[in-house]
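Peer 1: This is the structure I have questions about; it appears just below.
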Amino acid sequence: AQIYVTGKKRFDPVSTGLEIIKTIKNLYPDKFEWRKPPYEFEKRKLPFDILIGNSWIREAIEKNKSIVSIKRRWQRDLDKFKRIRKKYLLYG
Numbered sequence: 010a011q012i013y014v015t016g017k018k019r020f021d022p023v024s025t026g027l028e029i030i031k032t033i034k035n036l037y038p039d040k041f042e043w044r045k046p047p048y049e050f051e052k053r054k055l056p057f058d059i060l061i062g063n064s065w066i067r068e069a070i071e072k073n074k075s076i077v078s079i080k081r082r083w084q085r086d087l088d089k090f091k092r093i094r095k096k097y098l099l100y101g
């Protein structure tokens, strides 16, 4: 399969990647598994959790939550971060 990005401002690569992972997991539940540790220097955490930055996104995918609901949750965190960082920005 290929993805053709025709509107780069509208394309959301993280959401697209999560949708792909969720779809593969749902299509092949007997074959799908998260890569086990170790990953780089980390011996306990799952590599996916390290790369995505937390475990709750993987857990939401495992519970078959919608990517929209996952995005809603991280959007709250992102909005909070943007408010905090605003006073530290040199420009804009």
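The opening position of the sequence shown corresponds to residue 10 in this note's numbering, with each subsequent residue numbered one higher.
Glycine residues also receive a C-beta, built at the ideal position from the N, C-alpha and C atoms.
As the structure is a prediction and not an experimental result, all values here were calculated from the model.
DSSP state of residue 49, grouped into three classes?
Peer 2: Indexing the sequence shown from 1 puts residue 49 at position 40. Residue 49 falls in the coil class under three-state DSSP.
Peer 1: With distances taken between CB atoms, is the gap from residue 44 to residue 27 smaller than 8 Å?
Peer 2: Here the question's residue 44 lines up with position 35 in the sequence shown. Here the question's residue 27 lines up with position 18 in the sequence shown. No; because the gap between Cβ atoms is not below 8 Å, this pair is not in contact.
Peer 1: Run the proximity test for residue 74: is its beta-carbon closer than 7 Å to any non-hydrogen atom belonging to the ligand NAD?
Peer 2: Only the bare structure without any ligand can be found here, which leaves the ligand NAD out of the picture.
Peer 1: Less than 8 Å between the beta carbons of residue 170 and residue 30, yes or no?
Peer 2: Absent from the model: residue 170. The displayed extent of the chain is 10 to 101, so no value can be given.
Peer 1: Taking the alpha carbon of residue 49 as the reference point, which residue from 42, 60, 39 has its own alpha carbon closest?
Peer 2: Numbered from its first residue, the sequence shown carries residue 49 at position 40. Closest by alpha carbon: 60.
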